[in-house]
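Each remark here refers to the structure printed beneath this line.
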Amino acid sequence: AQPLAMIAARDGIPDWDQLGRLLEEWQPERVLVGLPLNMDGSENDMCARARKFGKRLHGRFHVDVAMVDERLTSYEAKGDVMAAGGSRDFGRHGVDDRAAVLILETWCNQQAEQPRE
Numbered sequence: 003a004q005p006l007a008m009i010a011a012r013d014g015i016p017d018w019d020q021l022g023r024l025l026e027e028w029q030p031e032r033v034l035v036g037l038p039l040n041m042d043g044s045e046n047d048m049c050a051r052a053r054k055f056g057k058r059l060h061g062r063f064h065v066d067v068a069m070v071d072e073r074l075t076s077y078e079a080k081g082d083v084m085a086a087g088g089s090r091d092f093g094r095h096g097v098d099d100r101a102a103v104l105i106l107e108t109w110c111n112q113q114a115e116q117p118r119e
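Here the sequence shown is numbered in our numbering, starting from 3 and rising by one per residue.
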């Protein structure tokens, strides 16, 4: 998997126009949204924001949205950057891109583990 594009939010507000353009171009069956659970699996304030974002995506663009546990993806992504010879200046080395790939891989692995009917 490879990242498609990073879409920055300004003051917590997504760039809905850019999201709409990407969804129109790629027409995905489903959009995955990372759910930043606490290490014990409980939810926090950021989870509520992620869920709200997912609901808004669904409402605006009528696309299925799946919430995916993103615990430790940034940590693992930083490790991957370091292992590839990157510096600790993670902002310049695609940590968010790599974490997004890990979230996608997590979801794909979960789907593969589910029994088929």
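Ideal Cβ placement from N, Cα and C applies to all residues, glycine included.
Discussion item. With a threshold of 7 Å on Cβ separation, who are the neighbours of G22 within its own chain once the five nearest residues in sequence on each side are excluded?
Written reply: F63
Practice prompt. Look at V70 and Q4 and say whether their C-beta atoms are less than 8 Å apart.
Written response: no
Discussion item. Less than 8 Å between the beta carbons of V35 and A52, yes or no?
Written reply: yes
Discussion item. Tell me the rounded alpha-carbon separation between I15 and R118.
Written reply: 38 Å
Worksheet item: Terminal residues of the continuous beta strand (DSSP E) containing D42?
Response: Element bounds for D42: n/a, residue is neither H nor E.
Worksheet item: In or out: I105 buried (at least 16 other Cβ within 10 Å) or exposed?
Response: buried
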